[in-house]
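According to the numbering used here, the stretch in the sequence shown is residues 395 to 627, in order.
Backbone N, C-alpha and C fix where the C-beta goes; we use that ideal spot for every residue, glycine too.
Notes to accompany the following structure.
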Amino acid sequence: MILINLLPAELRKRQVGINPAVISLVVTGVAALLLLSFWAYVRLDRIPAAKNELAVATKQVEDYKLKIKEIEDKKKKIAEIEKQSQVVMQLLANKQFWARTLDEFANMLSRDWNVPGFEASCTDISFGAAKSAGAAQRTRVGGGGGGAEVALFSFKAKFKLLGSRFDEGGDYIQAFFHHIENSQFWQRGGFQGKPEATYRSDAKNWIEDIKRLQIDMPLDFVRAKVIPSNWGK
395 MILINLLPAE LRKRQVGINP AVISLVVTGV AALLLLSFWA YVRLDRIPAA
445 KNELAVATKQ VEDYKLKIKE IEDKKKKIAE IEKQSQVVMQ LLANKQFWAR
495 TLDEFANMLS RDWNVPGFEA SCTDISFGAA KSAGAAQRTR VGGGGGGAEV
545 ALFSFKAKFK LLGSRFDEGG DYIQAFFHHI ENSQFWQRGG FQGKPEATYR
595 SDAKNWIEDI KRLQIDMPLD FVRAKVIPSN WGK
């Protein structure tokens, strides 16, 4: 069937058609504009901002690296100082002061001598580490991980006794040891055991020219110094 519009031309409904090419062009332009705007936003705003943030972060990382290096250097320095300090403390702990001991030793044989019947003198003296040449012998006292260390020192002396009677030589020796044990030299010196502990032998000679009995007697006294385990910390 054929439909014929009989209305006059001015009353007929007009049909307006939209060109698809125009729509595509508009959509393409809008999309391109959006893409260009996004590119400009990323290129001109976000990328510079990210670069600035990266530069700031890089600078902070470098600063932190320098600070870490300074901290590590300080730690090494502290460790070195602590090591040196321990060496110094150990030397101080092992140090034995002999001046007063020698003074009291001299007084024991002179000013404080109160033993009748014979005289005593020292012909040779030496002191230092006990039983080792380089350092004081060390032992630990106390249980567990605590307690203290004891540094042992040697005090060697050769004594000469002069008495008027040959048959009283044993009495001279006994009185001499008694005098040593009760002297300030022995009481304040930290010596171990008895003075006669190292007595092994003696040489008795009657000297006719002076009518005196001479007794030569070497002795080795052991002196101890207690060092607490936390000394110097």
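Inter-residue spacing [alpha-carbon to alpha-carbon] between residue i and residue j
{"i": "F499", "j": "N508", "result": "14 Å"}
{"i": "A514", "j": "F585", "result": "20 Å"}
{"i": "E476", "j": "A545", "result": "23 Å"}
{"i": "V455", "j": "E464", "result": "14 Å"}
{"i": "V482", "j": "S520", "result": "25 Å"}
{"i": "D457", "j": "D467", "result": "15 Å"}
{"i": "T495", "j": "L460", "result": "56 Å"}
{"i": "E543", "j": "R594", "result": "29 Å"}
{"i": "A415", "j": "D439", "result": "35 Å"}
{"i": "A443", "j": "Q478", "result": "52 Å"}
{"i": "R617", "j": "Y566", "result": "24 Å"}
{"i": "L485", "j": "N446", "result": "58 Å"}
{"i": "T517", "j": "Q578", "result": "21 Å"}
{"i": "S431", "j": "K453", "result": "32 Å"}
{"i": "I417", "j": "L428", "result": "16 Å"}
{"i": "K470", "j": "I462", "result": "12 Å"}
Residue i versus the options, residue with shortest Cα-Cα distance
{"i": "F615", "options": "T592, A415 and N599", "result": "T592"}
{"i": "Q568", "options": "P510, D467, A443 and L460", "result": "P510"}
{"i": "I652", "options": "E575, I472 and Q490", "result": "Nothing can be reported for residue 652: it is not among the residues displayed for the chain, which extend from 395 to 627."}
{"i": "P589", "options": "H572, T452 and L556", "result": "H572"}
{"i": "A597", "options": "Y435, L427 and F560", "result": "F560"}
{"i": "G389", "options": "L503, W433 and W492", "result": "Missing from the structure shown is residue 389; the chain here goes from 395 to 627 and no further."}
{"i": "G557", "options": "K471, A473, W600 and A523", "result": "W600"}
{"i": "Q581", "options": "D518, S548 and M502", "result": "M502"}
{"i": "G522", "options": "V421, K619 and V420", "result": "K619"}
{"i": "G564", "options": "V420, F512, L448 and W433", "result": "F512"}
{"i": "S548", "options": "F570, E562 and A524", "result": "A524"}
{"i": "D506", "options": "A451, I574, I472 and V436", "result": "I574"}
Reduced DSSP category for residue i - H, G, I as helix; E, B as strand; rest coil
{"i": "V509", "result": "coil"}
{"i": "W580", "result": "helix"}
{"i": "D603", "result": "coil"}
{"i": "K345", "result": "Here the chain covers residues 395 to 627 and nothing more, so residue 345 does not appear."}
{"i": "Y435", "result": "helix"}
Per DSSP, cross-strand counterpart(s) of residue i
{"i": "A551", "result": "I519 and L613"}
{"i": "G564", "result": "G564 is not bridged to any residue."}
{"i": "K598", "result": "I609"}
{"i": "F585", "result": "R617"}
{"i": "G557", "result": "F512 and L607"}
Any chain C beta carbon closer than 9 Å to residue i
{"i": "E466", "result": "Here chain C cannot be found, since the structure has a single protein chain."}
> Does the stretch 548-555 come close enough to the stretch 603-616 to have 3 or more Cβ pairs within less than 8 Å?
Replying inline: yes
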